[in-house]
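Structure first, commentary second.
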Amino acid sequence: DAERIKNISFRNSTFNENNEPRFIPFNLENTEIKNFDREIDKHPFLPKSQYAMEARCEEILNIQAAALAKRLEHTNLKKAVIGISGGLDSTLALLVVVKTFDMLNIPRENIITITMPGFGTTDRTYNNAVTLCKELHCDFREINIVNAALQHFEDIGHDKDIHDVTYENVQARERTQILMDLANKEGGLLIGTGDLSELALGWCTYNGDHMSMYSVNCSIPKTLVRFLVNYFANHEISNDAKEALLDILDTPVSPELLPKDKEGKIAQKTEDIVGPYELHDFFLYHFIKHGSSPERILFLAKEAFKNDYNEETLKKWLDKFIRRFFTQQFKRSALPDGPKVGSISLSPRGDWRMPSDAVYNDFLI
6 DAERIKNISF RNSTFNENNE PRFIPFNLEN TEIKNFDREI DKHPFLPKSQ
56 YAMEARCEEI LNIQAAALAK RLEHTNLKKA VIGISGGLDS TLALLVVVKT
106 FDMLNIPREN IITITMPGFG TTDRTYNNAV TLCKELHCDF REINIVNAAL
156 QHFEDIGHDK DIHDVTYENV QARERTQILM DLANKEGGLL IGTGDLSELA
206 LGWCTYNGDH MSMYSVNCSI PKTLVRFLVN YFANHEISND AKEALLDILD
256 TPVSPELLPK DKEGKIAQKT EDIVGPYELH DFFLYHFIKH GSSPERILFL
306 AKEAFKNDYN EETLKKWLDK FIRRFFTQQF KRSALPDGPK VGSISLSPRG
356 DWRMPSDAVY NDFLI
């Protein structure tokens with residue numbers, strides 16, 4: 006794997022000044038690969054065995070909790086504020102906060118959980134959010150954002166029947182404003198909920214859900230979020246809360262920023278718009294971890310997902326990944342702090358330094 010070795014050598018520059026480069030001439034012919042018998046892992050972020058998965062989940066949750074505990078102690082804060090939507094990411098973030106407060110012997114009543122129903126909030130996600138917060142014995146509050154959003158549409162002259170990016174982002178930023186102000190009022194730390202996959206795709210509202218005071222999920226890919234929530238449901242929670250967690254796991258991923266369908270169900274499904282997260286996490290892993298070219302990523306994806314997606318579909322979502330990864334860097338350049346859990350992070354202060362105006366043209370296949 007010459008490309009991988011070259012990338013490792015390029016990054017590991019510790020001893021460059023002490024060693025003269027050694028050149029080894031050789032001939033490498035481009036030959037067509039007819040039989041490829043190497044097994045490519047389609048879910049590189051996930052351990053393979055159940056035992057390894059449970060051990061990994063426990064370790065990750067402990068890392069997240071320890072990092073948050075350090076930030077709370079450093080800031081001398083005894084309260085946390087978190088918005089709960091009934092979705093996967095905010096659920097995992099809440100579970101981490103609960104674990105942290107238990108570890109620090111801080112009452113769970115100091116965890117201020119807020120659900121903020123909007124135009125797209127469904128009964129399913131709302132009920133799961135309410136149940137989870139109450140069963141975890143947190144301070145639960147509800148603030149409906151519909152009237153505030155309608156007033157804001159009127160203030161800026163936006164037609165409420167035009168469901169464009171402004172329509173969506175008004176809601177996201179209204180929620181963040183509420184959370185920030187409550188954190189100030191209560192003297193608490195606002196916990197961010199976004200995950201690594203969303204950061205890679207820029208699937209968040211700039212200065213909306215993109216912003217917080219400490220983001221506990223920032224280096225957890227979406228495919229792993231699901232397993233962490235499932236682990237918590239089966240090992241560290243009561244039966245009533247477990248039922249809500251299992252239903253959250255079964256709920257389609259959605260920001261719920263567009264109106265519900267006629268049956269009152271989720272109309273805006275994330276993976277229908279940006280593509281399957283299992284593909285994007287695969288692309289992200291090889292793009293960042295090994296510095297793989299899009300051509301190599303596509304080749305590996307064709308092998309890994311040969312029974313799941315055809316080449317045209319893989320290329321479509323890989324192009325989407327590349328375009329979004331480059332164009333959304335400006336959001337990653339202004340990220341709040343958060344713990345690095347695994348080997349991949351997109352923090353602009355550590356692992357990933359990239360200009361926000363980098364162009365993607367040469368990376369498209």
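Counting along the sequence shown from 1, when you hit position 202 you're at 207 in the working numbering, and nothing is skipped either side. All C-beta atoms in this analysis are idealised placements derived from N, C-alpha and C, irrespective of residue type, glycine included.
Restricting attention to R43, L262, A188, the CA atom closest to the CA of F124 is found in L262. For I196, the enclosing beta strand (DSSP E) starts and ends at 194-197.
Closest option to D6, judged by alpha-carbon separation, among T275, R43, C209, F28: R43. L184 and P122 have their C-alpha atoms spaced approximately 13 angstroms apart.
The way I'd put it, the stretch 334-347 does touch the stretch 208-223; three or more beta-carbon pairs between them come closer than 8 angstroms. In the three-state DSSP reduction, T210 falls in the coil class, being neither helix nor strand. If you draw a straight line from the Cα of S95 to the Cα of E147, it comes to about 15 angstroms. Taking C-beta atoms under 8 angstroms as the contact rule, A177 and G207 fail to qualify, at a distance of about 13 angstroms.
Its chain contains L303, I370 as the residues whose beta carbon lies nearer than 8 angstroms to that of K320, once the 5 sequence neighbours on both sides are disregarded; these appear in chain order. By the criterion of at least three beta-carbon pairs nearer than 8 angstroms, the stretch 95-105 is in contact with the stretch 68-87. For the pair L99 and I89, the Cα-to-Cα distance works out to about 8 angstroms. K83 and P112 have their C-alpha atoms roughly 9 angstroms apart.
Boundaries for V86: no alpha helix (DSSP H) harbours it, while the beta strand (DSSP E) harbouring it runs 85-88, taken from the DSSP string. Taking 4 residues as the minimum length, the alpha helix (DSSP H) runs contained wholly in the stretch 123-177 are 128-140, 151-161, in order along the chain. Below 8 angstroms, enough C-beta pairs join the stretch 244-264 and the stretch 129-146 to call them touching: three or more. T118 is bridged by DSSP to I87, F145. Beta bridge pairing from DSSP links S220 with G197. Between D255 and P226, the C-beta spacing is not below 8 angstroms. Under the three-state reduction of DSSP, L262 is assigned to coil, being neither helix nor strand.
Within the same chain, H163 come within 6 angstroms of T171 by CB-CB distance, once the 5 residues on both sides are set aside. Boundaries of the alpha helix (DSSP H) around D245: 244-254. In the three-state scheme derived from DSSP, where H, G and I count as helix and E and B as strand, Y290 is classed as helix.
For A306, the closest of F237, F330, P281, R328 by C-alpha to C-alpha distance is P281.
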